[in-house]
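Engineer:
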Amino acid sequence: MLIDIIAGARPNFIKIAPIIEAIEKQRLAGLDMHYRLVHTGQHYDKKMSGDFFDQLNIPAPDFNLEAGSGTQAEQTGKIMVGYEKLLMQKPCDLCIVVGDVTSTMACSIAAKKMNNIKVAHVEAGIRSGDWTMPEEINRMVTDSITDYFFTTSEIANGNLRKSGISDNRIFFVGNTMIDTLYKQMPRFKQPDVWEKCQLTRQGYIIMTLHRPANVDNGAKLMELVTEIIKSSKGMPVIFPVHPRTAKMLETTGIAADNLILTEPLGYLEFNYLVQNAKAVITDSGGITEEATVMAVPCMTLRDSTERPETCTVGTNELLGTNPDSIAPAFEKLFSGNWKKGGIPEMWDGKTSDRIVKRIAEIFDLKQL
Ligand code: UD1
Ligand code: UDP
5 MLIDIIAGAR PNFIKIAPII EAIEKQRLAG LDMHYRLVHT GQHYDKKMSG
55 DFFDQLNIPA PDFNLEAGSG TQAEQTGKIM VGYEKLLMQK PCDLCIVVGD
105 VTSTMACSIA AKKMNNIKVA HVEAGIRSGD WTMPEEINRM VTDSITDYFF
155 TTSEIANGNL RKSGISDNRI FFVGNTMIDT LYKQMPRFKQ PDVWEKCQLT
205 RQGYIIMTLH RPANVDNGAK LMELVTEIIK SSKGMPVIFP VHPRTAKMLE
255 TTGIAADNLI LTEPLGYLEF NYLVQNAKAV ITDSGGITEE ATVMAVPCMT
305 LRDSTERPET CTVGTNELLG TNPDSIAPAF EKLFSGNWKK GGIPEMWDGK
355 TSDRIVKRIA EIFDLKQL
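Position 340 (the sequence shown) corresponds to 344 in my numbering; numbering is contiguous.
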């Protein structure tokens, strides 16, 4: 059996690492299961791509489609054309896509239109309900043509059932991003900024922002960052800047005594900072899940989330995108009244093994 594993953007690399490892384990145990790793090239900077392959020990991609950046349609088109060419040379039996980025949607369409290749979607069924997010369109399109749905929550299962998917195609397995988190936790690494800025445990805030709604409008971005700097009452705010955000900050500029800007950090360094932070403030999806598992208070600058369990079970709270909600949230944090949170069901570090075993059953794979 030949499986294509698709990865294009930063969060994808973290989600595929344990799936590849689980496939390798089965192959070494004699199962007829092989994979090709396809990097679409959606993210290409070393700090957004190569560093994750190095740190997480992901094998070099078998193919790089080199799609690069562009408008939504340009990027989707380039990825589809690239992946279709590959499938025409040699089709696979199953295409595994993860998450909700443009690469996820584009490759699922190309595979499905190529002799109806089976598609498995890892992190299927989650919905924010916000159609202004490109990710929500990616999720809906991908799930409309997926064969096997691997899910992170009962809520995702419910969303899929509501859309008419039968139970025998929905597999509640947990979260592969958390497989990576548990595996890598003992290797978390203090970044240089720790010494340089004399950071202390729970003595700083870690922040990331990259959603178009927060960063593509310079005035909005300035309003948010200014309010965060003010509300953190002098506590250092470490801000590893995503390239989309960096582009905007080049125009607007920003500086404050307690604001520390860095390049995007490696996985081990970034999560060291999350684990030891007083709190996280973010608009990322994946980071809310990691903060939940590490029981670190998390404030999300979005009006909706496709990961409601990070709020109902975990440490995450949606502040919305109105800067007025930031100061009261910091007051709650500093008063020591932030909720403690728990860990969502099945987020136990064994998700990828469950996925791969299930695939072996579905395809009735035999020992060689
Ligand atoms: C993408 C995903 C988003 C995900 C995020 C993770 C979509 C629609 N969006 O957003 O869901 O949360 O990745 O980080 O798929 N750029 C670089 N170097 C790179 C990559 C990007 O400079 O290696 C710059 C380019 O100017 C590019 C911009 O960042 O135009 C945006 O990149 P893109 O991949 O289109 O979207 P992200 O904002 O990264
Ligand atoms: N991350 C990282 N370095 C950073 C910022 C994020 O390693 O400087 C990791 C983070 O731990 C998580 C993933 O990148 O595993 C989340 O990616 P991102 O926020 O870009 O995307 P999203 O999850 O919002 O789609």
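Using N, Cα and C, we set each Cβ at its ideal position, and we do this for glycine too.
Fair warning: this is a prediction, and the values are worked out from it, not measured in the lab.
1) Does the separation of the CB atoms of LEU213 and LEU305 fall below 8 Å?
2) Taking the alpha carbon of GLU28 as the reference point, which residue from LEU369, GLY45, VAL360 has its own alpha carbon closest?
3) Going by other Cβ atoms of all chains shown within 10 Å of its Cβ, with 16 needed for buried, is ASP368 buried or exposed?
4) Take every Cβ of the stretch 87-99, pair it with every Cβ of the stretch 110-126, and state whether three or more of those distances are shorter than 8 Å.
5) Which one of GLY346, GLY168, PRO327, GLN59 has the shortest CA to CA distance from ASN320?
6) How should TRP351 be labelled, buried or exposed, when 16 other C-beta atoms within 10 angstroms of its C-beta is the threshold for buried?
7) So for LYS122, helix, strand or coil by DSSP?
8) Is GLN59 near the ligand UD1 - that is, is its Cβ less than 7 Å away from at least one heavy atom of it?
9) Could you please go through the chain and list the residues whose beta-carbon is closer than 5 Å to any non-hydrogen atom of the ligand UDP?
10) What's the gap between the Cα of ARG31 and the Cα of THR286?
11) Do you know how far the Cα of PHE274 is from the Cα of ASP97?
12) On a Cα-Cα basis, can you pick out the residue from GLU139, ILE169, ALA110 that is closest to ARG215?
13) To which residues of the same chain is VAL145 closer than 6 Å at the C-beta, ignoring the five residues directly before and after it?
14) Could you have a look at GLN202 and say whether DSSP puts it in helix, strand or coil?
15) Do you know offhand how far LEU228's Cα is from MET252's?
16) Beta-carbon within less than 6 Å of ALA21's beta-carbon, same chain only, minus the 5 sequence neighbours each way: which residues are those?
17) Going by other Cβ atoms of all chains shown within 10 Å of its Cβ, with 16 needed for buried, is GLN202 buried or exposed?
18) Report whether the distance from the Cβ of LYS251 to the nearest heavy atom of the ligand UD1 is below 7 Å.
19) When you measure from the CB of PRO138 to every non-hydrogen atom of the ligand UD1, does any distance come out below 7 Å?
20) Just to confirm, are ILE363 and ALA124 a CB contact at a threshold of 8 Å?
21) Out of PRO348, LYS343, GLY290, LYS354, which has the shortest C-alpha to C-alpha gap to VAL105?
22) Hey, how far is the Cα of ASN119 from the Cα of ILE7?
23) Reducing DSSP to helix, strand and coil, say where THR80 ends up.
24) Are there any heavy atoms of the ligand UD1 lying less than 7 Å away from the beta-carbon of PRO65, as far as the coordinates show?
25) My output table needs one value for TYR48: the three-state DSSP class, helix, strand or coil.
26) Rounded to whole angstroms, what is the Cα-Cα separation between GLY3 and TYR87?
27) Along the chain, where does the beta strand (DSSP E) containing THR212 start, and where does it finish?
28) Rounded to a whole number of angstroms, what is the C-alpha to C-alpha distance between LYS224 and THR255?
29) Under 8 Å between the Cβ atoms of PHE57 and ARG40?
30) Considering only residues of the same chain and omitting the five flanking positions on each side of LEU263, which have a CB-CB separation below 7 Å?
31) Would you kindly work out how many angstroms separate the C-alpha atoms of ASN16 and SER339, rounded to a whole number?
32) To the nearest angstrom, how far is the alpha carbon of ALA331 from that of ASN218?
33) Please state whether DSSP places ASP8 in a helix, a strand or coil.
Structural biologist: Reading from the atomic positions:
1) Taking the first residue of the sequence shown as position 1, residue 213 is located at position 209. Taking the first residue of the sequence shown as position 1, residue 305 is located at position 301. A distance below 8 Å separates the beta carbons of LEU213 and LEU305.
2) The residue labelled residue 28 in the question sits at position 24 within the sequence shown. It is VAL360.
3) Position 364 of the sequence shown, counted from the first residue, corresponds to residue 368. Residue burial is scored here from C-beta neighbours: ASP368 has fewer than 16 other C-beta atoms within 10 angstroms and is therefore classed as exposed.
4) Contact holds between the stretch 87-99 and the stretch 110-126, because three or more Cβ pairs, one in each stretch, are under 8 Å apart.
5) The residue given as residue 320 occupies position 316 in the sequence shown. When only C-alpha atoms are compared, the closest one is GLY346.
6) One-based indexing of the sequence shown puts residue 351 at position 347. By the neighbour-count rule (16 or more Cβ atoms within 10 Å), TRP351 is buried.
7) As a first step, residue 122 must be located in the sequence shown, where it is residue number 118. Judged by DSSP in its simplified three-state form, LYS122 adopts strand.
8) Here residue 59 refers to the residue found at position 55 when the sequence shown is read from its first residue. With a threshold of 7 Å, the Cβ atom of GLN59 does not count as near the ligand UD1, since no heavy atom of the ligand is closer than that.
9) Going along the chain, the residues that qualify are ARG14, PRO15, ILE18, PRO244, PRO268, LEU269, TYR271, PHE274, SER288, GLY289, GLY290.
10) The residue labelled residue 31 in the question sits at position 27 within the sequence shown. The residue labelled residue 286 in the question sits at position 282 within the sequence shown. Whole-angstrom Cα-Cα distance: 39 Å.
11) Against the sequence shown, residue 97 aligns to sequence position 93. Against the sequence shown, residue 274 aligns to sequence position 270. Distance between the alpha carbons of ASP97 and PHE274: 36 Å.
12) What you label residue 215 is simply residue 211 of the sequence shown in a count that begins at 1. Nearest of GLU139, ILE169, ALA110 to ARG215, Cα basis: GLU139.
13) Locating residue 145 in the sequence shown gives position 141, counting from the first residue. Answer for VAL145: MET109, listed in chain order.
14) Here residue 202 is taken as the residue at index 198 of the sequence shown, counted from 1. GLN202 falls in the coil class under three-state DSSP.
15) Along the sequence shown, one-based indexing puts residue 228 at 224. Along the sequence shown, one-based indexing puts residue 252 at 248. The straight-line gap from Cα to Cα measures roughly 13 Å.
16) Walking along the sequence shown from the start, residue 21 turns up at place 17. In the same chain as ALA21, and ignoring 5 residues on each side of it, the C-beta atoms closer than 6 Å to its own belong to LEU60, ILE62, THR184, in chain order.
17) Your numbering for residue 202 matches position 198 in the sequence shown. Counting Cβ neighbours within 10 Å, GLN202 comes out exposed, since fewer than 16 surround it.
18) Here residue 251 is taken as the residue at index 247 of the sequence shown, counted from 1. Short note on LYS251: C-beta closer than 7 Å to some heavy atom of the ligand UD1.
19) Position 134 of the sequence shown holds residue 138. Correct: PRO138 has its Cβ closer than 7 Å to the ligand UD1.
20) Here residue 363 corresponds to residue number 359 of the sequence shown, with the count starting at 1. Here residue 124 corresponds to residue number 120 of the sequence shown, with the count starting at 1. Taking 8 Å as the Cβ cut-off, ILE363 and ALA124 qualify as a contacting pair.
21) The residue you call residue 105 lines up with position 101 of the sequence shown. Per the Cα distances, GLY290.
22) Residue numbering aside, residue 119 sits at position 115 when the sequence shown is read from its first letter. Residue numbering aside, residue 7 sits at position 3 when the sequence shown is read from its first letter. Their backbone Cα atoms lie some 15 Å apart in a straight line.
23) Translated into positions along the sequence shown, residue 80 becomes position 76. If DSSP states are grouped into helix, strand and coil, THR80 belongs with the helices.
24) Numbered from its first residue, the sequence shown carries residue 65 at position 61. Flag unset: Cβ of PRO65 not near the ligand UD1.
25) One-based indexing of the sequence shown puts residue 48 at position 44. TYR48: coil per DSSP, three-state reduction.
26) An answer regarding residue 3 cannot be provided, because it is not within the stretch 5 to 372 covered by the chain.
27) Taking the first residue of the sequence shown as position 1, residue 212 is located at position 208. Annotation: the continuous beta strand (DSSP E) that includes THR212 extends over 209-212.
28) Counting from one through the sequence shown, the residue named residue 224 turns up at place 220. Counting from one through the sequence shown, the residue named residue 255 turns up at place 251. Here the C-alpha atom of LYS224 lies approximately 13 Å from the C-alpha atom of THR255.
29) Along the sequence shown, one-based indexing puts residue 57 at 53. Along the sequence shown, one-based indexing puts residue 40 at 36. In this structure, the beta-carbon distance from PHE57 to ARG40 does not fall below 8 Å.
30) Position 259 of the sequence shown, counted from the first residue, corresponds to residue 263. Around LEU263: ILE233, VAL241, PHE243.
31) As a position in the sequence shown, residue 16 is number 12, starting the count at 1. As a position in the sequence shown, residue 339 is number 335, starting the count at 1. One Cα belongs to ASN16, the other to SER339, and the distance between them is close to 36 Å.
32) Here residue 331 refers to the residue found at position 327 when the sequence shown is read from its first residue. Here residue 218 refers to the residue found at position 214 when the sequence shown is read from its first residue. Their Cα atoms are separated by approximately 17 Å.
33) By 1-based counting over the sequence shown, the position of residue 8 is 4. Strand.
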